[in-house]
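Residue numbers (our numbering): 17 to 127. Even for Gly, the Cβ is constructed at its ideal location relative to N, Cα and C. What follows is a short report on a single structure.
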């Protein structure tokens, strides 16, 4: 293993940790998990909080897994991990946002 691969692994795992923490502890929360930091409007929108939080926790868990896998690939190829990071932060973010909107539409009040 090269030093840059270990640095890449540690960096990507540090990126994955917040998503993993949200996924682990947020699923049992009594308030809806938000996609945007500080969004307080979900309390009025989400009708079934436990199911909504379960879906959001899975979404955050997939984000954590993506960063962790990218970090593991960094042990073998730092260039590949950087390319995957670019894809995760562009196309991946768009896909996660669309998944969030879909979850929100399923569990939101249609008033």
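According to DSSP, residue i sits in a beta bridge with which residue or residues?
i          : result
residue 62 : 124
Could you check which residue in the options has the C-alpha nearest to that of residue i?
i           : options           : result
residue 118 : 82, 90, 62, 46    : 62
residue 65  : 106, 73, 47       : 47
residue 72  : 108, 21, 42, 111  : 42
residue 22  : 93, 52, 100, 57   : 93
residue 67  : 100, 27, 44       : 44
residue 24  : 51, 60, 100, 91   : 91
residue 112 : 52, 60, 99, 19    : 52
residue 121 : 58, 32, 27, 18    : 58
residue 74  : 26, 116, 123, 124 : 116
Which same chain residues end up closer than 8 Å to residue i when comparing Cβ atoms and leaving out the 5 residues on each side of it in sequence?
i          : result
residue 35 : 76, 77, 79, 80, 83
residue 70 : 43
Less than 8 Å between the CB atoms is what I'm expecting for residue i and residue j, so what's the real figure, rounded?
i           : j          : result
residue 87  : residue 29 : 5 Å
residue 100 : residue 89 : 7 Å
Please report the residue range of the alpha helix (DSSP H) in which residue i lies.
i          : result
residue 35 : 19–42
residue 97 : 94–103
In chain order, what residues of the same chain lie with their CB nearer than 7 Å to the CB of residue i, ignoring the 5 residues before and after it?
i          : result
residue 40 : none
Among residues of its own chain, excluding the 5 on either side of residue i, which ones have a beta-carbon nearer than 6 Å to its beta-carbon?
i           : result
residue 38  : 76
residue 104 : 82
residue 31  : 83
residue 60  : none
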